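Protein chains in written order, with the numbering used here: chain A, 1 to 137; chain B, 1 to 137; chain C, 1 to 279; chain D, 1 to 279. Positions of the beta carbon are idealized from the N, C-alpha and C atoms, including for glycine. Predicted, not measured: the structure shown is a model, and the values here were computed from it. Report on the structure given below.
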Amino acid sequence: MSGKDEAPEYGDIPGTYVFDGRHSRRGYHLNMFCMSLNRQENREVFRADEAAYLKRYPLTSAQRQAVLERDWLGMLRLGGNIYYTFKLAIFDGLSMQNVGGQMSGITEAEFKNMMIAGGRPYKEDQQVSAAGGCADG
Amino acid sequence: MSGKDEAPEYGDIPGTYVFDGRHSRRGYHLNMFCMSLNRQENREVFRADEAAYLKRYPLTSAQRQAVLERDWLGMLRLGGNIYYTFKLAIFDGLSMQNVGGQMSGITEAEFKNMMIAGGRPYKEDQQVSAAGGCADG
Amino acid sequence: MAKITAGVGTSHVPAIGAAVDHGKTAEPYWEPLFSGYEKARQWLAEAKPDVAIIVFNDHASAFSLEVIPTFALGVGAQFQPADEGYGPRRVPPVEGHPELAWHLAESLILDEFDMTIVNEMPVDHGLTVPLSIMCGQPERWPFKVIPLCVNVIQYPPPTGSRCYQLGKAIAAAVESFAEDLNVVVFGTGGMSHQLQGERAGLINEEFDRDFLDGLTADPDALAQIPHVDYIRRAGSEGVELVMWMVMRGALNADAKEVYRHYHVPASNTAAGLIVLENG
Amino acid sequence: MAKITAGVGTSHVPAIGAAVDHGKTAEPYWEPLFSGYEKARQWLAEAKPDVAIIVFNDHASAFSLEVIPTFALGVGAQFQPADEGYGPRRVPPVEGHPELAWHLAESLILDEFDMTIVNEMPVDHGLTVPLSIMCGQPERWPFKVIPLCVNVIQYPPPTGSRCYQLGKAIAAAVESFAEDLNVVVFGTGGMSHQLQGERAGLINEEFDRDFLDGLTADPDALAQIPHVDYIRRAGSEGVELVMWMVMRGALNADAKEVYRHYHVPASNTAAGLIVLENG
Ligand SMILES: [Fe+3]
Ligand SMILES: [Fe+3]
Numbered sequence: 001m002s003g004k005d006e007a008p009e010y011g012d013i014p015g016t017y018v019f020d021g022r023h024s025r026r027g028y029h030l031n032m033f034c035m036s037l038n039r040q041e042n043r044e045v046f047r048a049d050e051a052a053y054l055k056r057y058p059l060t061s062a063q064r065q066a067v068l069e070r071d072w073l074g075m076l077r078l079g080g081n082i083y084y085t086f087k088l089a090i091f092d093g094l095s096m097q098n099v100g101g102q103m104s105g106i107t108e109a110e111f112k113n114m115m116i117a118g119g120r121p122y123k124e125d126q127q128v129s130a131a132g133g134c135a136d137g
Numbered sequence: 001m002s003g004k005d006e007a008p009e010y011g012d013i014p015g016t017y018v019f020d021g022r023h024s025r026r027g028y029h030l031n032m033f034c035m036s037l038n039r040q041e042n043r044e045v046f047r048a049d050e051a052a053y054l055k056r057y058p059l060t061s062a063q064r065q066a067v068l069e070r071d072w073l074g075m076l077r078l079g080g081n082i083y084y085t086f087k088l089a090i091f092d093g094l095s096m097q098n099v100g101g102q103m104s105g106i107t108e109a110e111f112k113n114m115m116i117a118g119g120r121p122y123k124e125d126q127q128v129s130a131a132g133g134c135a136d137g
Numbered sequence: 001m002a003k004i005t006a007g008v009g010t011s012h013v014p015a016i017g018a019a020v021d022h023g024k025t026a027e028p029y030w031e032p033l034f035s036g037y038e039k040a041r042q043w044l045a046e047a048k049p050d051v052a053i054i055v056f057n058d059h060a061s062a063f064s065l066e067v068i069p070t071f072a073l074g075v076g077a078q079f080q081p082a083d084e085g086y087g088p089r090r091v092p093p094v095e096g097h098p099e100l101a102w103h104l105a106e107s108l109i110l111d112e113f114d115m116t117i118v119n120e121m122p123v124d125h126g127l128t129v130p131l132s133i134m135c136g137q138p139e140r141w142p143f144k145v146i147p148l149c150v151n152v153i154q155y156p157p158p159t160g161s162r163c164y165q166l167g168k169a170i171a172a173a174v175e176s177f178a179e180d181l182n183v184v185v186f187g188t189g190g191m192s193h194q195l196q197g198e199r200a201g202l203i204n205e206e207f208d209r210d211f212l213d214g215l216t217a218d219p220d221a222l223a224q225i226p227h228v229d230y231i232r233r234a235g236s237e238g239v240e241l242v243m244w245m246v247m248r249g250a251l252n253a254d255a256k257e258v259y260r261h262y263h264v265p266a267s268n269t270a271a272g273l274i275v276l277e278n279g
Numbered sequence: 001m002a003k004i005t006a007g008v009g010t011s012h013v014p015a016i017g018a019a020v021d022h023g024k025t026a027e028p029y030w031e032p033l034f035s036g037y038e039k040a041r042q043w044l045a046e047a048k049p050d051v052a053i054i055v056f057n058d059h060a061s062a063f064s065l066e067v068i069p070t071f072a073l074g075v076g077a078q079f080q081p082a083d084e085g086y087g088p089r090r091v092p093p094v095e096g097h098p099e100l101a102w103h104l105a106e107s108l109i110l111d112e113f114d115m116t117i118v119n120e121m122p123v124d125h126g127l128t129v130p131l132s133i134m135c136g137q138p139e140r141w142p143f144k145v146i147p148l149c150v151n152v153i154q155y156p157p158p159t160g161s162r163c164y165q166l167g168k169a170i171a172a173a174v175e176s177f178a179e180d181l182n183v184v185v186f187g188t189g190g191m192s193h194q195l196q197g198e199r200a201g202l203i204n205e206e207f208d209r210d211f212l213d214g215l216t217a218d219p220d221a222l223a224q225i226p227h228v229d230y231i232r233r234a235g236s237e238g239v240e241l242v243m244w245m246v247m248r249g250a251l252n253a254d255a256k257e258v259y260r261h262y263h264v265p266a267s268n269t270a271a272g273l274i275v276l277e278n279g
């Protein structure tokens, strides 16, 4: 199916969903839904009935479920981009550290403490998760 | 006022309003009004009361008058761009030859015949109008 | 491997589209123009491209002065005909080729062309009239289309040289796409015409014929024509011809002319058409 | 004659703006960051620029996936703070400099950069947080601003090399503007951070310090860092640092560092700031 004959050079970076064309195509409507929350009137309608509001966007059922369940990692795997999905976190009143903790499997407090201690260390060989990377979800 | 210290190289071309930045700034709202006629609902409102519709756009009074009088050359001189102002001609059901004739001071039939005869001839030194060019209106 | 096999240069005058849409192509005014299109249509029917990259400009339809991209590449799956003031043309929607288009976008940006990537845009006569010219009135357009929209309304458009270089980068990008695809590139707009001002109606047949000749004789020289020369000699709207330079750049240096047609007038424009093939 | 006199590189973390807006800058968490900004603010107050060209990225505020410009230059007279989901920041509107901005647009396009010209766009934290960092909370921003918005969200962003070249072209364009203007260029975003995925929270202080050193020691080498290196070593959002390369390119080769500050963390980002001056 794909016209590309090789894996992208960033394909081996663990726990990282590079928002390339393939990813962007998959997540187009999911991200456009998230962006719609920039508008106060949309936030109100979404707050009143999330599932009804989501019908405005042709999401896959997996995407719809990931939104309703606030499955932050799931949204990324289904084509979400963090700048878009974070609109939903803003809507929920969550901080970037909270969501960062949820995506990396630790609590918000643990995440904050990790950052205060200098952040997640970079190591050439780091392997934060076998499930990460750019593979299809 | 101007940060530019020289006349543009296209400044001596007669009867020609190059849509550069200066021109575009002057005609911004005039052109945005014209573009709004792409939408059927806007066309209907404009048709019902032209002057009232124009109040939606912060036009200068000279621009407003040029629109109401269908002064095609005046619109160009006030920052209009032909692709935008032609939306108004489409609204009026006018052809490009009709408007071309009006701008060059001949009838639609004369303009059509000029085109059938090969168009307005290009001559290095042509001087179709002293009033043309890119000078401020 | 995908491959660019040919290029088409053609005017995209709205009145040509209207003549098709309203069944006027056999009328005396239009017949000389349309009879000259026949051979190009036959050529296209035999060439059977899978995808056409259509280089065109938007005429205050999809884009306004709010946001003016120099090069906008359409990566969407479908593009609807625009309402230009009299309702959308009743032509089929344009089917995109998102996979090749995204490949182009990525490749071109990494190749240091500053593309605007566009998922949603209606397409106006700039794109649909060339389809009508080359394909007539089919139920569906016979190939996928990747719209490449160039700003030529707000001065300055990209230079002819930049357009030519973009064409070369497009050729390289297409050839690095693994799927077998027969790709044709359309350069549209022009030829000499001026719609605006006291000089409206300008036509410069000599300029146009030199330009058509130059596409095979010396495209490098053609790419050096500055905007002021286009505006002065080919009319303020004749600068649309820079879009033909994208098409030319996408072909091999030794591409051959297989057909041309030139007719004055179509509305108030000199209508030209050329077909070039890679050897 | 207009002249670029200095450059500022700074992170643009939204939480920094929130700390300013909600009066938290003296709290223990924020104090070490903000105390390091003091000298830069003093420098700016003395430098008294007339215009700042602020290179930033939009974060799904003005632009969406519908239309993704690689380089969007704001030529409007005013830009309002964007609603990013919690209402617009209560900071002054940003006053543009349409005359210089249009001059830049024309000059850059003729210099073969494929700019998108933008008249209307709300500006988000990417632009307003650097203003807060450098200016605090004035009634009005003390200089005009030309927003230069770079795509760094949709892969691929423009290469570091392309950004560096754009900076050089901006310098040439500014110097051909006749009015006397003191112009400063801001490069914003970064430094190392990753917001997304299982690897969220990545910080690479060594990368960041090398980057800050390289801005004066060997910017040509810095400009060659490929995207994959940024993503791997500085985190997926660390690639924002290409925007600092526009700033660096706009300065003279021998520009001097006059101040720097580096602090971890600001939210989940390594916050860096550097001031460079032309000799
Ligand atoms: Fe056109
Ligand atoms: Fe950012």
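Own chain, CB closer than 7 angstroms to residue i, minus 5 neighbours either side, in chain order
| i | result |
| --- | --- |
| Glu237 of chain D | His193, Gln194 and Leu195 |
| Leu30 of chain A | Leu59, Gln63, Met75, Leu78, Gly79 and Gly80 |
| Gly17 of chain D | Arg89, His125, Thr128, Val129 and Ser132 |
Whether residue i touches residue j by CB criterion (8 angstroms)
| i | j | result |
| --- | --- | --- |
| Gly7 of chain D | Leu202 of chain D | no |
| Gly118 of chain B | Val264 of chain C | yes |
| Cys49 of chain C | Asn182 of chain C | One point to set straight first is that residue 49 of chain C is Pro, not Cys, in the sequence displayed. For Pro49 of chain C and Asn182 of chain C, yes; Cβs fall inside 8 angstroms. |
| Ser161 of chain D | Ser107 of chain D | no |
| His227 of chain D | Val246 of chain D | no |
| Gly126 of chain D | Gly189 of chain D | yes |
| Gly286 of chain D | Trp244 of chain D | No answer is possible for residue 286 of chain D: it lies beyond the span of chain D, which begins at 1 and ends at 279. |
| Thr16 of chain B | Arg199 of chain C | yes |
| Arg260 of chain D | Leu212 of chain D | yes |
| Pro147 of chain C | Ile225 of chain C | no |
| Ser61 of chain D | Glu84 of chain D | yes |
| Leu269 of chain D | Ser11 of chain D | One point to set straight first is that residue 269 of chain D is Thr, not Leu, in the sequence displayed. A contact, by the Cβ cut-off of 8 angstroms. |
Beta-carbon contacts of residue i that lie in its chain and below 6 angstroms, excluding the five residues immediately before and after
| i | result |
| --- | --- |
| Leu44 of chain C | Met134 |
| Arg56 of chain B | none |
| Tyr262 of chain D | Gly272 |
| Arg140 of chain C | Pro92 |
| Phe33 of chain A | Tyr57 |
| Thr85 of chain A | Cys34 and Met75 |
Neighbourhood of residue i by C-beta distance below 8 angstroms, restricted to the same chain and skipping five residues each side
| i | result |
| --- | --- |
| Asp114 of chain D | Thr70 and Phe71 |
| Glu27 of chain D | Ala19 |
| Pro138 of chain D | Pro92 |
| Asp111 of chain D | Ala169, Ala172 and Ala173 |
| Tyr28 of chain A | Gly79 |
Burial state of residue i (16 or more Cβ within 10 Å)
| i | result |
| --- | --- |
| Pro156 of chain C | buried |
| Met1 of chain D | exposed |
| Lys3 of chain C | exposed |
| Ser61 of chain A | exposed |
| His59 of chain C | buried |
| Gln97 of chain B | buried |
| His22 of chain C | exposed |
| Asn151 of chain A | Outside the displayed range of chain A (1 to 137) lies residue 151 of chain A, so it cannot be described from this structure. |
| Ala130 of chain B | Below a pLDDT of 50, predicted positions are generally treated as unreliable, and Ala130 of chain B, at 41, falls in that range; no measurement from the model is reported. |
| Leu68 of chain B | exposed |
| Gln154 of chain C | buried |
| Asp218 of chain D | exposed |
| Gly279 of chain D | exposed |
| Ala178 of chain D | exposed |
Test: residue i CB closer than 8 angstroms to a CB of chain E
| i | result |
| --- | --- |
| Asn57 of chain D | Note that chain E does not occur in the displayed structure, where the protein chains are A, B, C and D. |
Within 6 angstroms of ligand 1: residues by beta-carbon to any heavy atom: Near ligand 1, meaning a Cβ closer than 6 angstroms to any of its heavy atoms, lie the following residues in chain order: C:His12, C:Asn57, C:His59, C:Gly126, C:Gly189 and C:Glu240.
Contact between the segment 28-46 of chain C and the segment 153-166 of chain C: three or more CB pairs below 8 angstroms? Fewer than three beta-carbon pairs drawn from the segment 28-46 of chain C and the segment 153-166 of chain C are found closer than 8 angstroms, and the two stretches are therefore not classed as touching.
Please determine if the segment 41-49 of chain B and the segment 100-115 of chain B are in contact, where contact requires at least 3 C-beta pairs separated by less than 8 angstroms. Because the criterion of three Cβ pairs below 8 angstroms is not met, the segment 41-49 of chain B and the segment 100-115 of chain B do not touch.
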